[in-house]
Amino acid sequence: MNPMTDKFDLLILAELQQDARLPTPELAHRVGLSAPACYRRVRALRESGLIEREVALVAPSTMGWPITMLVLVTLERDHGRIVDEMIASLQREPEVMDLWYVTGEQDFVLQVAARDMQSYEQFTRRVLHARDQVRSFKTLVVMGQHKRCGALLPG
């Protein structure tokens with residue numbers, strides 16, 4: 003927890019994770035603050051970076067990307083320069099929805115969207131097979147998603 007946050011900030015963050023479009027008066031009522039005080043706190047949370055961004059969650063299939071894969075990537079070597087280069091490279095790929103650098107047998111976990119299996123194969127050839135740093139990767143095709151972007155409550 004950030005030492006600069008208090009119980010009101012945490013309550014605001016919990017509410018906004020459920021509905022970022024909640025009107026300030028309603029948000030203020032739910033957390034027990036006046037509307038002006040709540041507005042100032044939300045603005046400060048945005049400016050400090052504790053609220054990273056606010057986005058609309060749209061089903062990938064709506065945008066023409068009906069297939070989702072989790073891809074476990076293992077590098078040949080994982081020293082800082084190679085890791086940084088892979089992160090920068092993968093961040094530029096439109097198919098990569100989420101990217102995690104992880105511990106364990108794999109170095110990265112990617113959430114990848116595809117229009118069809120042929121486009122996924124093209125992605126793997128262009129992005130993964132083409133890089134000498136990639137030792138191997140394993141693809142898990144998502145059959146169903148049962149929780150998406152779960153909100154975190156104060157711990």
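Under our numbering, think of the first position of the sequence shown as 3, with each following residue one higher.
Just so it is clear, CB atoms sit at the ideal spot from N, CA and C, and this is done for glycine as well.
In the three-state scheme derived from DSSP, where H, G and I count as helix and E and B as strand, A37 is classed as helix. Spatial neighbours of I69 in its own chain (CB-CB distance under 6 Å, excluding positions within 5 residues in sequence) are listed in chain order as A116. Residue state for A30 is assigned as helix, using DSSP reduced to three classes. Distance between R79 and D134, taken at the CA atoms: about 10 Å. I69 carries a strand assignment under DSSP once its states are collapsed to helix, strand and coil. A residue is called buried when at least 16 other Cβ atoms come within 10 angstroms of its Cβ; W102 does not meet this threshold and is exposed.
For Q108, the number of other beta carbons within 10 angstroms of its own is at least 16, and it is reported as buried.
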